[in-house]
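First the structure, in the form of structure tokens, and then the observations on it.
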Amino acid sequence: MVVVTIPTVLLFLILCRPSARLTDKGTIEHWGPNDEQAQEQQDLSHHLWTLSLNGKLYLPPIDHLQDVLDMGTGTGIWAMDMADAHPEATVKGIDLSPIQPSWIPPNLKFEVDDYNLEWLDHNKFDLIHARELLGTVPSWPEMYRKVLGALKPGGWFQQADPQILLTSSYDTLGPDHIYHQWNPLLLDSGKKAGLDFDSAPRMKGWLEEAGFINVTEYRVPWPIGPWPKDPHQREIGAFNQVRIEQGVVDFCGRRFTNNLGVFAASMRSAVKNNKLLAHHYVWFAYGQKPPASH
Ligand SMILES: C[S@@+](CC[C@H](N)C(=O)[O-])C[C@H]1O[C@@H](n2cnc3c(N)ncnc32)[C@H](O)[C@@H]1O
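Sequence positions in the sequence shown follow mature numbering (1 follows the signal peptide of the UniProt record, and there is no 0) and run -21 to -1, 1 to 273.
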């Protein structure tokens, strides 16, 4: 049996908190919690992300991995899986919070660090991984400059983020459907907090503009509920439904009062309604630092 606790919740929690606060000493506050529940959510989230990649941990065609960096590693679950899968490589996970376990593979280390500060590593990594960092980087184009500097020539960067505009391809959402209220509300709330919740589809263009080559994007639908016939999509849908339902509860509980409680209840019942055949997308984008001779 698979134990379900949830992670898209973090995305909704973004809306209830200020954005990461930046000073000349770097980031002093992250919007999201890093408590036990948040950590469980990150671990479930990892399961969903790897299901989406059919068990792969990354997509770029890398022959030889020597040094790997996981930005905003959270519980470190991706970094631990990478270190286990690639004993030949050294993996470093960095985060503002020291919430990672201490029993870890010998080729892995965790460091408390702030990726919004200038980076000290140059021409070092074969792969840099950034997942679910939505709302923590004031400017991704500026971040790509740092990532390019830290990659070896020919090294790869992979970024993955969810898009949480809820929709359906089956004409099941009438014009007044609650999701048509949810989506603009979500975007507006993000804007008020200085955050862009619809950045995932733009990652590929930004990577190209920043100078990465061989840039590729990959979009995966995450069903909301176990409605697909395909068993793989069905599994993703089952996890994702719980994840989003919890997210709505947290979001509305912190943010809304009075009649907006009714809004929360309507959202929850929509999320649990498998007849809507609803989904949202998650996006992967990856690109390569030009080799020295390029
Ligand atoms: C939603 S979690 C994602 C965790 C992990 N990447 C995953 O996919 O399992 C975001 C993480 O980014 C970290 N974070 C946010 N801002 C950061 C910063 N400026 N520097 C380092 N880590 C940061 C948070 O502490 C949190 O653990």
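No residue lacks a Cβ here, since even glycine has one placed at the ideal position from N, Cα and C.
Margin query: Let's see if you can read the secondary structure: which residues bound the alpha helix (DSSP H) around I192?
Written below: Unbroken run through I192 is the beta strand (DSSP E), 192 to 202; no alpha helix (DSSP H).
Next item on the list: Can you tell me which of the three DSSP states V221 falls into?
Entry: V221 carries a helical assignment under DSSP once its states are collapsed to helix, strand and coil.
Check: Hey, quick one: how far does the alpha helix (DSSP H) through W185 stretch, first residue to last?
Finding: In this chain, the alpha helix (DSSP H) harbouring W185 covers 182 to 189.
Next item on the list: Using the DSSP secondary-structure output, state which residues sit across from Q138 in a beta bridge.
Entry: DSSP output for Q138 lists A109, A264 as bridge partner(s).
Item checked: S76 CB to nearest heavy atom of ligand 1 below 7 Å -> S76: yes, Cβ under 7 Å from ligand 1.
Next item on the list: Could you pull the start and end residues of the alpha helix (DSSP H) that D46 belongs to?
Entry: Membership of D46 in any alpha helix (DSSP H) is not indicated; the residue belongs instead to the beta strand (DSSP E) covering 46 to 50.
Next item on the list: Please say whether W135 and P39 have beta carbons closer to each other than 8 Å?
Entry: Yes, the pair counts as a contact, with Cβ atoms nearer than the cut-off.
Next item on the list: With DSSP as the reference, please indicate the residues paired to L87 in a beta bridge.
Entry: Looking at the DSSP output, L87 bridges to V70.
Item checked: Distance, Q45 Cα to W161 Cα -> Near 44 Å, if we compare the C-alpha coordinates of Q45 and W161.
Next item on the list: Check T29 in the structure and name its three-state DSSP category.
Entry: Correct three-state label for T29: helix.
Check: What three-state label does DSSP hand S147 in the structure shown?
Finding: Strand at S147.
Check: Contact check, A129 vs D100 under 8 Å by CB: the rounded distance?
Finding: D100 and A129 do touch by the CB rule: their CB atoms are close to 5 Å apart, below 8 Å.
Checklist line | D49 classed as buried or exposed, judged by whether at least 16 other C-beta atoms fall within 10 angstroms | finding: So D49 counts as buried.
Notebook entry, point to check: At what residues does the alpha helix (DSSP H) containing Q79 begin and finish?
Noted result: No alpha helix (DSSP H) holds Q79; DSSP gives it neither H nor E.
Next item on the list: Please classify A249: does DSSP put it in a helix, a strand, or coil?
Entry: In this structure, A249 counts as helix in the three-state DSSP scheme.
Note to self: Considering only the alpha carbon of each residue, which of F191, H258, P180 lies closest to S147?
What the structure shows: Taking only the C-alpha atoms, the option nearest S147 is H258.
Notebook entry, point to check: Is it true that the CB of F89 sits closer than 8 Å to the CB of T52?
Noted result: Against a cut-off of 8 Å, the Cβ pair of F89 and T52 comes out as a contact.
Next item on the list: Determine the burial state of I7: buried for a count of at least 16 other Cβ atoms within 10 Å of its Cβ, exposed for fewer.
Entry: Caution is warranted here: a pLDDT of 49 is assigned to I7, below 50, making its placement in the model unreliable, and the coordinate value is therefore given only provisionally. Taking all protein chains in view, the Cβ of I7 is surrounded by fewer than 16 other Cβ atoms within 10 Å, so the residue is classified as exposed.
Notebook entry, point to check: DSSP on K103, reduced to helix/strand/coil?
Noted result: The answer is coil: DSSP assigns K103 none of H, G, I, E or B.
Checklist line | Three or more C-beta pairs below 8 Å linking the stretch 19 to 31 and the stretch 243 to 257 | finding: Proximity of the stretch 19 to 31 to the stretch 243 to 257 falls short of the contact definition, fewer than three beta-carbon pairs being nearer than 8 Å.
Note to self: As a quick exercise: from L186, Y197, T54, pick the residue whose alpha carbon is nearest that of L127.
What the structure shows: Of L186, Y197, T54, the residue nearest in Cα terms is L186.
Checklist line | Contacting residues, own chain, Cβ-Cβ under 6 Å from P210 (five flanking each side not counted) | finding: The answer is none, since no qualifying residue turns up.
Notebook entry, point to check: Is D100 near ligand 1, going by C-beta to nearest heavy atom under 7 Å?
Noted result: Taking 7 Å as the cut-off, the C-beta of D100 does not count as close to any heavy atom of ligand 1.
Checklist line | G133 versus F104: straight-line alpha-carbon distance, rounded | finding: Computed Cα separation, rounded: 10 Å.
Margin query: Which residue wins for smallest C-alpha separation from F263, given the options T54, V47, A109, I56?
Written below: Of the candidates T54, V47, A109, I56, the one whose C-alpha sits nearest the C-alpha of F263 is A109.
Check: Do you know whose CA, among A243, L145, Y197, lies nearest F176's CA?
Finding: Nearest option by C-alpha distance: L145.
Next item on the list: Report the option in R213, I192, F191 whose CA atom is closest to the CA atom of W201.
Entry: Answer by Cα proximity: R213.
Note to self: I need the DSSP call for H159, collapsed to helix, strand or coil.
What the structure shows: Annotated three-state conformation of H159 is helix, per DSSP.
Checklist line | Where L165 sits in the DSSP three-state scheme | finding: Look at L165 here: in three-state DSSP terms it is helix.
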